[in-house]
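Visitor:
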Amino acid sequence: MQTYFYQLADFIGTQTRREETWLAYLSAEESNFVRFNQSLARQAGSIRQIGLTLSLIARQRRAEARLTLSGQAENDRAMVLAALAGLRLDLDELPEDPYLLYNQIPQSTEHVGDSRLAADAEMLDQVLSQGKGKDLVGLYAAGAIYKGFANSFGQRNWHRVDNFNLEWCLYHAADKAVKNSYAGTHWDNAEFARKMAASSEQLSILTRPPKQLAPGQYRAYLAPAAMNEILELLSWESFGVKAQRNKQSPLLKLEDGAATLHAGVTLQENSRDGVAPGFQADGFIKAATVRLIDGGKHAGALVSPRSAREFSIETNGANAAEAPEALDMAPGHLHRDDVLTTLGTGILIGNLHYLNYSDRRACRMTGMTRFATFWVEKGEIKAPLNVMRFDDSAYRVLGENLLALTAERDLILDSGSYGERSTGSARLPGGLVKDFALTL
Amino acid sequence: MTASFESTFKRVVPAVDFCSLRFVEETTELLSVRQNVAEPPQSSVDRGVMISVVDKGGYGYAATSDLSESGLRTAVARAHEWARLTAGRSVINYSTLAMAAASGHYRSQLQQPALTGKREKFDMLRAESAECKIDDRIIDWSASFWTTHTRQLYVTADGGMVEQDFDYLVPALSVTAFDQGEAQTRSFGGRYNGFCQQGGVEIIARSGFPGSGKRTAEDALALLAAANCPSGKMDVILMPDQMMLQIHESIGHPLELDRILGDERNYAGTSFVTLDMFGAYQYGSQLLNVTYDPTRAEQFASFAFDDDGTRAEKAWIIENGILQRPLGGSISQARARGAGYDLRGVANSRACSWNRAPIDRMANLNIEPGSSDLADMIASVERGVLMRTNVSWSIDDSRNKFQFGCEIGQLIEHGKLGAIVKNPNYRGISATFWRSLAMVGNAGTLEVMGTPFCGKGEPNQVIRVGHASPACKFADIDVFGAEA
Numbered sequence: 018m019q020t021y022f023y024q025l026a027d028f029i030g031t032q033t034r035r036e037e038t039w040l041a042y043l044s045a046e047e048s049n050f051v052r053f054n055q056s057l058a059r060q061a062g063s064i065r066q067i068g069l070t071l072s073l074i075a076r077q078r079r080a081e082a083r084l085t086l087s088g089q090a091e092n093d094r095a096m097v098l099a100a101l102a103g104l105r106l107d108l109d110e111l112p113e114d115p116y117l118l119y120n121q122i123p124q125s126t127e128h129v130g131d132s133r134l135a136a137d138a139e140m141l142d143q144v145l146s147q148g149k150g151k152d153l154v155g156l157y158a159a160g161a162i163y164k165g166f167a168n169s170f171g172q173r174n175w176h177r178v179d180n181f182n183l184e185w186c187l188y189h190a191a192d193k194a195v196k197n198s199y200a201g202t203h204w205d206n207a208e209f210a211r212k213m214a215a216s217s218e219q220l221s222i223l224t225r226p227p228k229q230l231a232p233g234q235y236r237a238y239l240a241p242a243a244m245n246e247i248l249e250l251l252s253w254e255s256f257g258v259k260a261q262r263n264k265q266s267p268l269l270k271l272e273d274g275a276a277t278l279h280a281g282v283t284l285q286e287n288s289r290d291g292v293a294p295g296f297q298a299d300g301f302i303k304a305a306t307v308r309l310i311d312g313g314k315h316a317g318a319l320v321s322p323r324s325a326r327e328f329s330i331e332t333n334g335a336n337a338a339e340a341p342e343a344l345d346m347a348p349g350h351l352h353r354d355d356v357l358t359t360l361g362t363g364i365l366i367g368n369l370h371y372l373n374y375s376d377r378r379a380c381r382m383t384g385m386t387r388f389a390t391f392w393v394e395k396g397e398i399k400a401p402l403n404v405m406r407f408d409d410s411a412y413r414v415l416g417e418n419l420l421a422l423t424a425e426r427d428l429i430l431d432s433g434s435y436g437e438r439s440t441g442s443a444r445l446p447g448g449l450v451k452d453f454a455l456t457l
Numbered sequence: 279m280t281a282s283f284e285s286t287f288k289r290v291v292p293a294v295d296f297c298s299l300r301f302v303e304e305t306t307e308l309l310s311v312r313q314n315v316a317e318p319p320q321s322s323v324d325r326g327v328m329i330s331v332v333d334k335g336g337y338g339y340a341a342t343s344d345l346s347e348s349g350l351r352t353a354v355a356r357a358h359e360w361a362r363l364t365a366g367r368s369v370i371n372y373s374t375l376a377m378a379a380a381s382g383h384y385r386s387q388l389q390q391p392a393l394t395g396k397r398e399k400f401d402m403l404r405a406e407s408a409e410c411k412i413d414d415r416i417i418d419w420s421a422s423f424w425t426t427h428t429r430q431l432y433v434t435a436d437g438g439m440v441e442q443d444f445d446y447l448v449p450a451l452s453v454t455a456f457d458q459g460e461a462q463t464r465s466f467g468g469r470y471n472g473f474c475q476q477g478g479v480e481i482i483a484r485s486g487f488p489g490s491g492k493r494t495a496e497d498a499l500a501l502l503a504a505a506n507c508p509s510g511k512m513d514v515i516l517m518p519d520q521m522m523l524q525i526h527e528s529i530g531h532p533l534e535l536d537r538i539l540g541d542e543r544n545y546a547g548t549s550f551v552t553l554d555m556f557g558a559y560q561y562g563s564q565l566l567n568v569t570y571d572p573t574r575a576e577q578f579a580s581f582a583f584d585d586d587g588t589r590a591e592k593a594w595i596i597e598n599g600i601l602q603r604p605l606g607g608s609i610s611q612a613r614a615r616g617a618g619y620d621l622r623g624v625a626n627s628r629a630c631s632w633n634r635a636p637i638d639r640m641a642n643l644n645i646e647p648g649s650s651d652l653a654d655m656i657a658s659v660e661r662g663v664l665m666r667t668n669v670s671w672s673i674d675d676s677r678n679k680f681q682f683g684c685e686i687g688q689l690i691e692h693g694k695l696g697a698i699v700k701n702p703n704y705r706g707i708s709a710t711f712w713r714s715l716a717m718v719g720n721a722g723t724l725e726v727m728g729t730p731f732c733g734k735g736e737p738n739q740v741i742r743v744g745h746a747s748p749a750c751k752f753a754d755i756d757v758f759g760a761e762a
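Top to bottom, those sequences are chains A and B. 18 is the number of the first residue of the first sequence in my numbering; add one for each residue after it. 279 is the number of the first residue of the second sequence in my numbering; add one for each residue after it.
Pasting the structure below:
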């Protein structure tokens, strides 16, 4: 794929004019997806797709076309030629773009990860045999993900990762389930079996009669997966400079200095240790780290090239959406083994679901508890909880009501696959909070 | 191209129980103007095929963008291999299913063909954008047109052939006002493209886009000056651009048969609805009439056949408040029969593109108009809030406990519309909320909305759905506003 892309890039270079600049960003995958329900296969298949985003720039104007390539040189060269012709027509119809910015200093990079993925039959045998007698539902996604960049300045970037992500639930009944995942680059049957055994053990607690809580404020521990849901919502417009300068960020009070979070909250975009490629679609290399919140105070923002031009600041190689791809939350001091005893009496929240804002100015968010969420008394898990709705402000949950963050963190690989498999990740601790507001 | 695909497909079809080819070609264009500056136009051409194979009880698929004969042969072999691997280990013996071998055509109705030049469209966007900056407190604004043409071809080894062509247009505009530490954003058509229809350039005029810039900016400024929405139990009147979300989340998703059968439990969730409820369960008040309607020409998810080749026809999902049938395609219906429930479903087995397999999606799901004038509905409210334009949505994984928010509200006191209020929210439980439906607006209050962004499925799919609804009044709802 790398050779194919670079040869196609060379071809594009031969077809453009001296006064034209071109950028090409490739996003491709060869993936297998197997969907399970009730410990049986529901849908199994493979997908091979190659997307190319081609930008043509001339006379301070830019137009962009995305093509799905076939992987056959003759066919794809014809598509590129047609796209270039269309882009030239587009440029003639456009005014000058005052915010145009792309990398003109070539910085070529290459990353090809090491892997050993399970064969299709081996993976199926493992999942179906481990799930036998249980109600397992989930998705196995695996294969190669390719990202590439090339431009008319001779820059070439390549990023390949071969990985798998198996996410599953074991259901007891109705909505009572434990969720787990096994993701990585080297499949190990023994490791998968250990994770399944852990899920099965947790499932046994779900057989106890569930407890129904009344709305109110509760001491709660948010596991890293639940913390991830909160930070994913915050990632939607909070950390980009465009949303901040245009006053649309839900963390506006933090950015304006009118509010702070807990001094232990430090967030950064950590591209250096993430799974996503280290380059972006305009050819800029991402900053290794970008400090977003430091000691509970606003520290910085993700800056796309376009925003850099608009606000006359430097880009740090953020994507066009200015959304984190490798969020990193600093650990605290609470050891995971001490979580239950430190929680004492309260709620152990395994996961949250379907978060959204109920009051953006107050950064108040609402969502549901989901999966293994338990009532804890005197440090001992007593019963599973029926799902509850929370509605609380990030300024409280990650601010005045945050009691501790765990010393250990989880690396959460984004299992998202809208359009294509994600390369996003997050490294997060769990959090102990007081007065967590449940409303329904 | 159709004949070419058909002949190539016939050459590569293996000797199996069932085999189909689904070709999708989608051409899109997104033009945006932000703060009177044209953003770089984005266009795309996405095309590929999915081959599905059923053999000896197993089912497999393979999708590829290599449309050559060798590319199709490779995909057929890969799909066949998955069918072999899953035979005897699948949720149903797929070979026992009677897959449709339908033939037919569909074409979006275009009253005016799409504008071809970008300059004309940019001119329209710039003109509206220029009307937004009516005050120094307006700090951000943007306008956009998103047009899509989709061509689909579905061919089965046993002679089925369906061709469908769709045209979509989504106009949008939003304005943000800011003062004294507070920002308020108001949109035309919904911040998440709730105004989305099928058809040609006539959609721009039909949507009310011309003139929307100034109106939307005035609303944003009015919100800055408004009081917070009051809290407490009161009546609400939800306008169609909020009703579309209410229908979507608390009727559409819980009635999708694949959710009821458990397929989505690891991701989108399950449903509080169970197989035994159909035909008897009181979903809402007697005023509630919900239809699956793929026949409304301008609606976003109208079509003639679903992606498993089943012919699409209008059907009553909820009639006079009673739950009648699920939103499930032919495969889900067969699985329900296997569980002892002979349910009539609908043709809603749909995929978002060539690279995803069909699953149950709600398509067009509408509330049928009632008999009330909006003026009478308002006059009937002693104390309440009229809410417009969805901005926030959250619901539990069984699609029961929900909390939704709107961009703008208007107080109703003693039967009269009063002041604008900001940050209106309400919460409820699906299983009881629809029983509080107290009045349904007449056809004059109906608007055809939808969303291009319905997310579901593993691997994930985002798909187009349509929701037409009149204004509706609900009694004694838990309403609240923002923090002081």
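By construction, the Cβ of each residue, glycine as well, lies at the ideal position given by its N, Cα and C atoms. On a predicted model such as this, the values are computed, not experimentally measured, just so you know.
(1) Would you mind stating whether A355 of chain B and G335 of chain B have Cβ atoms separated by less than 9 Å?
(2) Using 10 angstroms around the beta-carbon of V291 of chain B, count the other beta-carbons present and answer buried if the total reaches 16, otherwise exposed.
(3) Specify the secondary structure class of S322 of chain B as computed by DSSP and reduced to three states.
(4) On a Cα-Cα basis, can you pick out the residue from B:F752, B:A746, B:S714 that is closest to V568 of chain B?
(5) Hey, is I417 of chain B's beta-carbon within less than 9 Å of any beta-carbon in chain A?
(6) Starting from the N-terminal side, write out each stretch of the beta strand (DSSP E) that is 3 residues or longer and does not extend beyond the segment 313–390 of chain B.
(7) Enumerate in chain order the residues of its own chain whose CB-to-CB distance from F423 of chain B is below 6 Å, with the five nearest sequence positions on each side excluded.
(8) Would you grab the beta carbon distance between G735 of chain B and I637 of chain B for me? Rounded to a whole angstrom, and I think it's under 8 Å.
(9) Contact between the segment 90–108 of chain A and the segment 378–392 of chain B: three or more CB pairs below 8 Å?
(10) Of all the CB atoms in chain B, is at least one closer than 9 Å to the CB of N263 of chain A?
(11) Decide yes or no for the touch test of the segment 577–587 of chain B against the segment 623–630 of chain B: beta carbon pairs closer than 8 Å, at least 3 of them.
(12) Compare the C-alpha of E406 of chain B against each of B:K492, B:G719, B:N471, B:L388 and name the closest.
(13) With the cut-off set at 9 Å, would you say Q464 of chain A and F170 of chain A are in Cβ contact?
(14) Name the chain B residues whose beta carbon is nearer than 9 Å to that of R289 of chain A?
(15) For D427 of chain A, does the three-state DSSP call read helix, strand or coil?
(16) In angstroms with no decimal places, state the Cα-to-Cα distance between A338 of chain A and F256 of chain A.
(17) Helix, strand or coil: how does DSSP classify T358 of chain A here?
(18) Check whether the segment 73–90 of chain A touches the segment 30–39 of chain A, counting contact only when three or more Cβ pairs, one atom from each stretch, lie closer than 8 Å.
(19) Going along chain B in order, which residues have a C-beta closer than 9 Å to the C-beta of D114 of chain A?
(20) Under 9 Å, CB to CB, which of the residues in the segment 732–757 of chain B have a partner in chain A?
(21) Tell me whether A455 of chain B, by its Cβ, gets closer than 8 Å to a heavy atom of the ligand HEM.
(22) By alpha-carbon positions, which one of B:A498, B:S676, B:A378, B:I482 ends up nearest to G530 of chain B?
(23) Could you spell out where the beta strand (DSSP E) holding E46 of chain A opens and where it closes?
(24) With 9 Å set as the bound, which would you pick, yes or no: does the beta-carbon of G459 of chain B sit closer than that to a beta-carbon of chain A?
(25) Answer yes or no: does any C-beta atom of chain B fall closer than 9 Å to that of I527 of chain A?
(26) In or out: Q147 of chain A buried (at least 16 other Cβ within 10 Å) or exposed?
(27) Please go through the segment 190–225 of chain A and give each complete alpha helix (DSSP H) segment of 4 or more residues, from N-terminal end onward.
(28) For H526 of chain B, name the three-state secondary structure that DSSP assigns.
(29) Could you tell me which chain A residues have their CB closer than 7 Å to the CB of N703 of chain B, listed as they occur along the chain?
(30) In the DSSP assignment, the beta strand (DSSP E) including D513 of chain B goes from what residue to what residue?
(31) Can you find a C-beta in chain B that's less than 9 Å from the C-beta of Y188 of chain A?
(32) Let me see if you follow: with CB-CB separation under 9 Å, is G150 of chain A close to chain B or not?
(33) Let me make sure I understand the geometry here. Which of B:G616, B:I609, B:I515 has the alpha-carbon closest to that of A635 of chain B?
(34) Please work out which residues of its chain come closer than 7 Å, Cβ to Cβ, to Q285 of chain A, disregarding the five sequence neighbours upstream and downstream, and give them in chain order.
(35) Using the C-alpha atoms, what's the distance from F487 of chain B back to V479 of chain B?
(36) Report the rounded CA-to-CA distance for V178 of chain A versus M555 of chain B, giving the unit in angstroms.
Guide: Looking at the atomic coordinates:
(1) No Cβ-Cβ contact shorter than 9 Å links A355 of chain B with G335 of chain B.
(2) Burial call: buried.
(3) Strand.
(4) With distances taken between Cα atoms, V568 of chain B lies closest to B:A746.
(5) Interface residue, yes.
(6) Whole beta strand (DSSP E) segments, 3+ residues: 320–333, 336–342, 381–385.
(7) Closer than 6 Å at the Cβ level, and outside the excluded window around F423 of chain B, lie L309, K399, P449.
(8) Separation of the CB atoms of G735 of chain B and I637 of chain B is rounded to 5 Å, and the pair is thereby assigned contact status at 8 Å.
(9) Too few Cβ pairs lie closer than 8 Å, so no.
(10) Answer yes: the Cβ-Cβ gap between N263 of chain A and chain B drops below 9 Å somewhere.
(11) The segment 577–587 of chain B vs the segment 623–630 of chain B: in contact.
(12) Considering only B:K492, B:G719, B:N471, B:L388, the residue with the shortest C-alpha distance to E406 of chain B is B:K492.
(13) This structure does not reach residue 464 of chain A, given that chain A is present from 18 up to 457, and the question cannot be answered.
(14) Within chain B, no residue comes near R289 of chain A; the closest Cβ sits about 27 Å away, beyond 9 Å.
(15) Look at D427 of chain A here: in three-state DSSP terms it is strand.
(16) The straight-line gap from Cα to Cα measures roughly 10 Å.
(17) Helix.
(18) Judged by pairs of C-beta atoms under 8 Å, the segment 73–90 of chain A touches the segment 30–39 of chain A, as three or more such pairs exist.
(19) Listed by position along chain B, the residues whose Cβ is nearer than 9 Å to that of D114 of chain A are V315, A316, E317, P318.
(20) Under the 9 Å Cβ criterion, the segment 732–757 of chain B contributes G733, G735, E736, P737, N738, Q739, V740, D756.
(21) In the structure shown, the ligand HEM is absent, as is every other ligand, since no ligand is present at all.
(22) It is B:S676.
(23) For E46 of chain A, the uninterrupted beta strand (DSSP E) segment begins and ends at 38–54.
(24) Interface residue, yes.
(25) As displayed, chain A neither begins before 18 nor continues past 457, which places residue 527 of chain A out of reach and without an answer.
(26) Note on Q147 of chain A: 16 or more other CB atoms within 10 angstroms of its CB, so buried under the neighbour-count rule.
(27) Counting only runs of 4 or more, we get 206–223.
(28) Correct three-state label for H526 of chain B: helix.
(29) Residues of chain A whose Cβ lies closer than 7 Å to the Cβ of N703 of chain B are, in chain order, S375.
(30) Under the DSSP assignment, D513 of chain B falls in the beta strand (DSSP E) whose first and last residues are 510–516.
(31) True, the Cβ-Cβ gap to chain B drops below 9 Å.
(32) At a cut-off of 9 Å between beta-carbon atoms, G150 of chain A makes no contact with chain B.
(33) Nearest of B:G616, B:I609, B:I515 to A635 of chain B, Cα basis: B:I609.
(34) Around Q285 of chain A: T306, V307, R308, L309, D345.
(35) Rounded to whole angstroms, V479 of chain B to F487 of chain B spans 12 Å at the Cα level.
(36) Going from the Cα of V178 of chain A to the Cα of M555 of chain B covers about 47 Å.
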